[in-house]
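Heads up, the thing below is written out as C-alpha cells.
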Ligand SMILES: *Cc1c(COP(=O)(O)O)cnc(C)c1O
Ligand code: SF4
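In the working numbering, the protein residues as written are 89 to 529.
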C-alpha cells in the first residue's frame, strides 16, 4: 500500500484500477449524482477498506461513491438529460444549484449558533451550549474522503454563504478570553486533521498559554483514523502531530479526539490500529461517534461489534446520531422507532464499558434530543424523549413526550403527545428556568 495520499474525485476516479469491475449503470450513477453531491475518496479507502467483490452492497463503497438512489428520481433524470444533451455550462450550473437548494443544505438552523464579538459576526465559530465552542478553521474545511451522507456537503460544493470558516485564530482567542464559562474548544470541519501540523499548532498552542486556564479540553472532530490513519504514522509531518498532542497533554489539558467510525471495517486494518495506539500513547483520549445509516450500519450486531472493538482498542463510545435531514437523507434515513430499536438491541448485548455511548440523538435547533423509547401511557402510544444538550440548559434531562409516529425520521415531524399544543420547551418557561433561553451576547 502506497502511503502517499492520492485522492480521487469526479475528475479522475476512472484511473482507479478497480473501477473497471463496475457495471456501466454504476458508472452512470457516479457521473450523474456526483454532479450534485460532492464526491471524493482516496487510495487507502479504495485499497484497504472497500470490498470490490461486492460493490452492490459494500458499505464502504456506499459511503464513498455516489449511487443512483441518493438522488430523487426527477433530479437524477434532469441531470442525466443535461449531460446527454450537453447543455451550456451556465445553464448546467444554475440547474445544479437549484437542485442543491432543494436538498436542505443548511439543516437545523446552524446559522443561529454564530456568535458576535464587538458587533462582528464570527463566522468560523458556533457557540450553542455554554461550555463548548465549535471552531471551524478555514484550512480544515475539507476531508480525506467525503461521506455520501454528510450534512457538511454544501461547504465542499462551494455553495457560498454556507461555509463556516475563519482564518483568524486571533478572533477565536479573543472570544474565548471573554467567555470564561467555556471549558471545551472543539476543532471541527470538514476535518481539521487535513491541516498541516504547523497550521494546527498555530491554532492550538496559544490555548495552552496563560489566560486560557478555563479551557480544560481541546477536542478534535475527525474522520482521519477511518479514512487516512497514515496521518499519525507516516505522513511527512506525522511526528509533529504526535509532538503537538504530547505538548497539549504536558500543558495539563485534556485532548479528546472525537473520531468518526461508521462501520467495523474501518477499525479492522493494521494501519488504523497502529494509529489509535500512537494517539493513545500521547495521553489523548479517543471518543467515537457515528450516525445510524440505512445501507451502512442499520444492524444492532454491527453496532455492538463496533463498540466492543472500540473498547478493545482503548476508545470510548460516545454518540449514536440520527441521520440529518439533508442531501441524500432519503437514502440513509430510518424511522426514529427503528433507530431506538437498533440502539437498545445493540446496547443490551455489550459490557458497561461500551455503554458510555449516548443515543440515538438528533441535533436539532433546540438541542441534542435523545430518543429514550416508545411507550404507552394511559392508552396513548408515545415517544419518550429528552435533551442531552439544550439551547437552554434548564431543559436538559427532563423527559418529555411526543405523539407516536411510525414514519417520523426527524424531530420536526413530531407533535406533542396528549393533545398538548406545544412541547414544554416551546411554552413560556417557568420562573425557575430563567426568563429566556441561553444567549451569548
Ligand atoms: C454536540 C455538540 C456539542 C458538544 O456536546 P457534548 O455533549 O459536550 O459532546 C457542542 N456544540 C454543538 C453545536 C453540538 O452539536
Ligand atoms: S469525514 Fe465528516 S465532515 Fe467529512 S464528509 Fe465525512 S462526515 Fe462529512
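All C-beta atoms, glycine included, are put in the ideal place defined by N, C-alpha and C. From a predicted model like this one, the values you see are computed outputs, not experimental measurements.
Flag this pair as yes or no: are the beta carbons of residue i and residue j separated by less than 8 Å?
i, j, result
"residue 282", "residue 309", "no"
"residue 491", "residue 503", "yes"
"residue 319", "residue 303", "no"
"residue 371", "residue 337", "yes"
"residue 321", "residue 362", "yes"
"residue 495", "residue 475", "no"
"residue 119", "residue 165", "no"
"residue 464", "residue 506", "no"
"residue 325", "residue 284", "yes"
"residue 419", "residue 447", "no"
"residue 187", "residue 124", "yes"
"residue 333", "residue 384", "no"
"residue 542", "residue 89", "Coverage of the chain is limited to positions 89 through 529, which leaves residue 542 absent and any answer about it impossible."
What residue range is occupied by the uninterrupted beta strand (DSSP E) comprising residue i?
i, result
"residue 347", "342-348"
"residue 375", "373-380"
"residue 490", "488-491"
"residue 473", "468-478"
"residue 129", "128-130"
"residue 457", "455-465"
Which of the three DSSP states, helix, strand or coil, is assigned to residue i?
i, result
"residue 226", "helix"
"residue 408", "strand"
"residue 269", "coil"
"residue 173", "helix"
"residue 299", "coil"
"residue 527", "Low local confidence applies: a pLDDT of 41 at residue 527 is under 50, so the model's placement there is unreliable, and no value is given."
"residue 286", "helix"
"residue 417", "helix"
"residue 431", "helix"
"residue 280", "helix"
"residue 94", "coil"
"residue 219", "coil"
"residue 312", "helix"
"residue 248", "With a pLDDT of only 42 at residue 248, under 50, the local geometry of the prediction cannot be trusted, and the value read off the model is given with reservation. Of the three classes helix, strand and coil, the one that applies to residue 248 here is coil, per DSSP."
"residue 65", "Residue 65 cannot be examined here, being either before or after the span of the chain that is shown, 89 to 529."
"residue 509", "coil"
"residue 452", "strand"
"residue 501", "helix"
"residue 443", "coil"
"residue 438", "coil"
"residue 179", "helix"
"residue 384", "coil"
"residue 253", "In this prediction, residue 253 has a pLDDT of 49, which is less than 50 and means its spatial position is unreliable; what the coordinates show is noted afterwards. Coil, per DSSP."
"residue 204", "strand"
"residue 162", "helix"
"residue 137", "helix"
I believe residue i touches residue j by the beta-carbon criterion, under 8 Å. Please report the beta-carbon distance rounded to the nearest angstrom.
i, j, result
"residue 278", "residue 230", "5 Å"
"residue 216", "residue 201", "4 Å"
"residue 445", "residue 405", "4 Å"
"residue 462", "residue 395", "Wrong, their Cβ atoms sit about 23 Å apart, outside the cutoff."
"residue 339", "residue 296", "4 Å"
"residue 110", "residue 143", "6 Å"
"residue 237", "residue 411", "6 Å"
"residue 214", "residue 205", "That belief does not hold up - the Cβ atoms of residue 214 and residue 205 are roughly 14 Å apart, past 8 Å."
"residue 459", "residue 424", "6 Å"
"residue 225", "residue 280", "6 Å"
"residue 380", "residue 442", "About 16 Å separates the two Cβ atoms, so there is no contact after all."
"residue 98", "residue 130", "In fact, because the Cβ distance is near 14 Å, the residues do not count as touching under 8 Å."
Of the residues the options, which one's Cα is nearest the Cα of residue i?
i, options, result
"residue 266", "474, 478 and 299", "299"
"residue 307", "335, 317 and 343", "343"
"residue 454", "465, 144, 347 and 498", "498"
"residue 260", "464, 94, 203 and 114", "203"
"residue 289", "471, 137 and 335", "335"
"residue 432", "415, 392 and 514", "392"
"residue 191", "121, 349 and 493", "121"
"residue 233", "170, 116, 268 and 150", "150"
"residue 127", "366, 386 and 242", "242"
"residue 106", "93, 98, 138 and 125", "138"
"residue 264", "513, 473, 435 and 301", "301"
"residue 512", "483, 500 and 185", "483"
"residue 352", "390, 449 and 293", "390"
"residue 269", "294, 218 and 159", "218"
"residue 386", "401, 359, 317 and 350", "350"
"residue 294", "316, 341, 327 and 314", "341"
"residue 369", "327, 397 and 357", "327"
On the DSSP letters alone, give me the boundaries of the alpha helix (DSSP H) that residue i sits inside.
i, result
"residue 353", "Note, residue 353: premise wrong, no alpha helix (DSSP H); not H, not E."
"residue 333", "326-338"
"residue 150", "147-152"
"residue 113", "112-124"
"residue 394", "388-400"
"residue 242", "241-244"
- Who's in the neighbourhood of ligand 3, going by beta-carbon under 6 Å from any heavy atom, listed in chain order? What this structure holds is ligand 1 and ligand 2, not ligand 3.
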